[in-house]
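Chemist: One structure, as structure tokens, below. Some questions next.
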Amino acid sequence: MVDFDRVEQALDDAAVSAAEAHGVLTGMICASGPVELSDWWSQIREDDEQAAVPALLGQVHAETSTSLAELTGTFDLMLPDDEDDLGDRAEALHLWCNGFLYGYGVAGGKDPSQLPDDAAEVLRDIGQFAQASFDLGDDDEEDELAYSELVEYLRVGVLLLHETLHPRPEPEQSSGEAGGQDVQSFWSRASGSTTLH
3 MVDFDRVEQA LDDAAVSAAE AHGVLTGMIC ASGPVELSDW WSQIREDDEQ AAVPALLGQV
63 HAETSTSLAE LTGTFDLMLP DDEDDLGDRA EALHLWCNGF LYGYGVAGGK DPSQLPDDAA
123 EVLRDIGQFA QASFDLGDDD EEDELAYSEL VEYLRVGVLL LHETLHPRPE PEQSSGEAGG
183 QDVQSFWSRA SGSTTLH
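Count along the sequence shown from 1, add 2, and you get the number used in our numbering.
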């Protein structure tokens, strides 16, 4: 994935952070399928002027679109590096969730009541995470684990939501390829082990 800090710099004149911008893109793709780069850019830039899209955002757009559509297992949330302060990473995750909800809504995403239970749960949880605070305690190791579990929960949940809304034809798969059953299985495990703080 493209380096978070480089995307932050590319978005210096935009209205959003790298995390929020990536959340917007991911939400739009989950809601409507393939999204034009220009449509994403129009949602995250600060004004209505026809400013050129930073080249780096084209790479982010391509990588995110491909990783969601092909279900390769390479999709990740765009967040600060693990070496960054946990408080900063938690704030970025909060912004990512807000961006996702905005992107999903602006692209006409379905209401949770129209979705299967697992997919509806993903949307509801993202909404809760967007409003909740990540309370840091006195145990750094425990906080790191909770953050990592939440990021993975969201990563797999987004894949599940995208696959639910945009199912692919069932190809013949080798045992090593990721498919819908793999996502469903992982989601069942992830959703049972993640809690809000």
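Every residue, glycine too, gets a C-beta built ideally from N, C-alpha and C.
#1: SER34: which of LEU138, GLY107 and ASP120 sits nearest, CA to CA?
#2: With VAL18 as the anchor, note down where its alpha helix (DSSP H) starts and where it stops.
#3: Who are the near neighbours of TRP43 in its chain, counting only those whose CB is closer than 6 Å to its CB and skipping five residues on each side?
#4: May I ask you to report which of helix, strand or coil DSSP gives LEU73?
#5: Compare the beta carbon distance of PRO118 and LEU125 with 8 Å and say whether it is the shorter of the two.
#6: Taking its Cβ as the centre, do 16 or more other Cβ atoms sit within 10 Å of ALA21, making it buried, or is it exposed?
#7: Confirm, please, whether the CB-CB distance from GLY105 to VAL26 is below 8 Å.
#8: Note the first and the last residue of the continuous alpha helix (DSSP H) segment covering HIS96.
#9: Tell me the residue span of the alpha helix (DSSP H) that contains VAL9.
Modeler: Judging by the given coordinates:
#1: The residue labelled residue 34 in the question sits at position 32 within the sequence shown. Here the closest residue by C-alpha is GLY107.
#2: Looking up residue 18 in the sequence shown gives position 16. Here VAL18 belongs to no alpha helix (DSSP H), and DSSP marks it neither H nor E.
#3: Here residue 43 corresponds to residue number 41 of the sequence shown, with the count starting at 1. The residues are VAL55.
#4: Translated into the one-based positions of the sequence shown, residue 73 becomes position 71. Correct three-state label for LEU73: coil.
#5: The count along the sequence shown starts at 1 and reaches residue 118 at position 116. The count along the sequence shown starts at 1 and reaches residue 125 at position 123. Not closer than 8 Å, so no.
#6: Along the sequence shown, one-based indexing puts residue 21 at 19. The residue in question, ALA21, is buried, as its Cβ has 16 or more Cβ neighbours within 10 Å.
#7: Locating residue 26 in the sequence shown gives position 24, where the first residue counts as 1. Locating residue 105 in the sequence shown gives position 103, where the first residue counts as 1. A contact, by the Cβ cut-off of 8 Å.
#8: Stepping through the sequence shown from its first residue, residue 96 is reached at position 94. Start and end: 88–108.
#9: By 1-based counting over the sequence shown, the position of residue 9 is 7. Counting along the chain, the alpha helix (DSSP H) containing VAL9 begins and ends at 6–12.
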